[in-house]
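A.B. asks: In this note's numbering, the protein residues as written are 676 to 971.
A single structure is presented below for examination.
Shown next, in the form of structure tokens:
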């Protein structure tokens, strides 16, 4: 890997010119910029983040906060894929991504890191309505973006059309002739869970089907909560289940089979996310695909 000095010598320009090209200075002549960029690509030059930070007052470090993820991060394929996408996107922009769980027992909170100038920005995932971790971050003045909407206008966010997608997949079950459709939501303190449940309900309403609270179970996006949902829902004899995540759908299918029910003949099951393993599950899971790379 070439140094700044070597890149300058090979380009026939000064070190300051290489630095200006790397930092996107538009005052550099186009021909000079092309020559320097060609050398940088060929030699694999990368700027020194520490030195660059001392000059610019920035660290080029982005914190990704996953509150409550300690026990579930490795078990959630979508979140693992999301973290990989975030790290890759940061790397492509010459930034570094660091993980902050921001949970009791950790000495340094993400808000403390932001206020102290350790990070240039924060990506906050799995935020709930009125999440107490979010306000301290916003007040630091460091840019904050959430994965999934929180409250309208509070902070910028990246999200998919959760309500529309849930409406669509519920309507698919209705088109197949299912009429007693249950839902397993995520925690209803999270906008993503509320939106997906709203989509399920709007689909039932559009089809003229009754909305019954007995057919809704509040889960937590884990396979275990999918299993618990069946204990609650089976007395209502559902002929289909809309799960707000693939992990919960896996739990629903396994619990149905444990009770001698066939999927999809007796009870159809659909999920959300299209995680790794959904297509090879038995039977392959019908699900909504959301791109973790696009969100990242």
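Note that beta-carbon positions come from the ideal geometry of N, C-alpha and C, so glycine has one too.
Smallest Cα separation from residue 786: which of 767, 758, 707 and 816?
C.D. replies: Counting from one through the chain shown, the residue named residue 786 turns up at place 111. Among 767, 758, 707 and 816, the Cα nearest to that of residue 786 is on 816.
A.B. asks: Beta-carbon separation of residue 925 and residue 907 under 8 Å?
C.D. replies: Taking the first residue of the chain shown as position 1, residue 925 is located at position 250. Taking the first residue of the chain shown as position 1, residue 907 is located at position 232. No, these two residues do not count as a Cβ contact at 8 Å.
A.B. asks: Which class does residue 775 belong to by DSSP, given the choice of helix, strand or coil?
C.D. replies: Start at 1 with the first residue of the chain shown, and residue 775 comes out as number 100. Note: residue 775 maps to strand in three-state DSSP.
A.B. asks: Which parts of the region 808-890 are runs of the alpha helix (DSSP H), unbroken and 4 residues or longer, counting only runs that do not cross its ends?
C.D. replies: DSSP runs (the alpha helix (DSSP H)) wholly in the region 808-890: 809-814, 837-850 and 866-881.
A.B. asks: Would you be able to state if there are at least three C-beta pairs under 8 Å between the region 851-868 and the region 906-922?
C.D. replies: Touching, yes.
A.B. asks: Does the distance from the CB of residue 914 to the CB of residue 854 come in under 8 Å?
C.D. replies: Your numbering for residue 914 matches position 239 in the chain shown. Your numbering for residue 854 matches position 179 in the chain shown. Yes, the pair counts as a contact, with Cβ atoms nearer than the cut-off.
A.B. asks: Going straight from the alpha carbon of residue 790 to that of residue 738, what length do you get?
C.D. replies: On the chain shown, position 115 is the one that residue 790 refers to. On the chain shown, position 63 is the one that residue 738 refers to. In a straight line, the C-alpha of residue 790 is about 12 Å away from that of residue 738.
A.B. asks: Where do the N-terminal and C-terminal ends of the beta strand (DSSP E) with residue 964 fall, by residue?
C.D. replies: On the chain shown, position 289 is the one that residue 964 refers to. Per DSSP, residue 964 belongs to the beta strand (DSSP E) from 961-964.
A.B. asks: Just to confirm, are residue 819 and residue 835 a CB contact at a threshold of 8 Å?
C.D. replies: Taking the first residue of the chain shown as 1, we reach residue 819 at position 144. Taking the first residue of the chain shown as 1, we reach residue 835 at position 160. Not closer than 8 Å, so no.
A.B. asks: Does chain D have any CB closer than 8 Å to the CB of residue 696?
C.D. replies: You won't find chain D in this structure, because it holds only one protein chain.
A.B. asks: Check for me: the alpha helix (DSSP H) holding residue 715 runs from which residue to which?
C.D. replies: Numbered from 1 along the chain shown, position 40 holds the residue referred to as residue 715. Per DSSP, residue 715 belongs to the alpha helix (DSSP H) from 705-718.
A.B. asks: Cutting at 6 Å between CB atoms, please list the residues of its own chain near residue 696, excluding the five before and the five after it.
C.D. replies: Within the chain shown, the letter at position 21 stands for residue 696. Only 703, 708 and 711 meet the Cβ criterion.
A.B. asks: In terms of residues, what are the limits of the alpha helix (DSSP H) holding residue 765?
C.D. replies: The count along the chain shown starts at 1 and reaches residue 765 at position 90. Taken as a continuous stretch (DSSP letters only), the alpha helix (DSSP H) holding residue 765 covers 752-767.
A.B. asks: For residue 896, which three-state DSSP category applies?
C.D. replies: As a first step, residue 896 is located in the chain shown; it is residue number 221 there, counting from the start. Coil, per DSSP.
A.B. asks: Judging by CA-CA distance, which residue of 718, 698 and 799 is the nearest neighbour of residue 681?
C.D. replies: For the purposes of this step, residue 681 is identified with residue 6 of the chain shown, where counting begins at 1. Out of 718, 698 and 799, 718 has the C-alpha closest to the C-alpha of residue 681.
A.B. asks: Give the DSSP-derived three-state secondary structure of residue 947 in the structure shown.
C.D. replies: Here residue 947 corresponds to residue number 272 of the chain shown, with the count starting at 1. The answer is strand: DSSP assigns residue 947 an E or B state.
A.B. asks: Taking the DSSP output, what are the residues bridged to residue 740?
C.D. replies: For this step, residue 740 is matched to residue 65 along the chain shown. In DSSP, residue 740 forms a bridge with 775 and 799.
A.B. asks: Evaluate residue 804 with the Cβ neighbour count: other Cβ atoms within 10 Å of its Cβ, from every protein chain shown; 16 or more gives buried, anything less gives exposed.
C.D. replies: For the purposes of this step, residue 804 is taken as residue 129 along the chain shown, with counting starting at 1. By the neighbour-count rule (16 or more Cβ atoms within 10 Å), residue 804 is not buried but exposed.
A.B. asks: What are the residues that DSSP puts in a beta bridge with residue 684?
C.D. replies: Against the chain shown, residue 684 aligns to sequence position 9. Paired residues: none, contrary to the question.
A.B. asks: Between residue 945 and residue 938, how many whole angstroms is the CB-CB distance? I'm expecting something under 8 Å.
C.D. replies: Residue mapping note: residue 945 aligns to position 270 of the chain shown, counting from 1. Residue mapping note: residue 938 aligns to position 263 of the chain shown, counting from 1. That belief does not hold up - the Cβ atoms of residue 945 and residue 938 are roughly 11 Å apart, past 8 Å.
A.B. asks: Exposed or buried, residue 768, counting other C-beta atoms within 10 Å across all chains shown (16 or more means buried)?
C.D. replies: Mapped onto the chain shown, residue 768 falls at position 93. With fewer than 16 other Cβ atoms within 10 Å, it is exposed.
A.B. asks: Does the Cβ of residue 951 have 16 or more other Cβ atoms within 10 Å, making it buried, or fewer, making it exposed?
C.D. replies: Taking the chain shown and counting its residues from 1, the one referred to as residue 951 is at position 276. Exposed.
A.B. asks: Alpha carbon to alpha carbon, how far is residue 774 from residue 941?
C.D. replies: As a working mapping, residue 774 is identified with position 99 in the chain shown. As a working mapping, residue 941 is identified with position 266 in the chain shown. About 43 Å.
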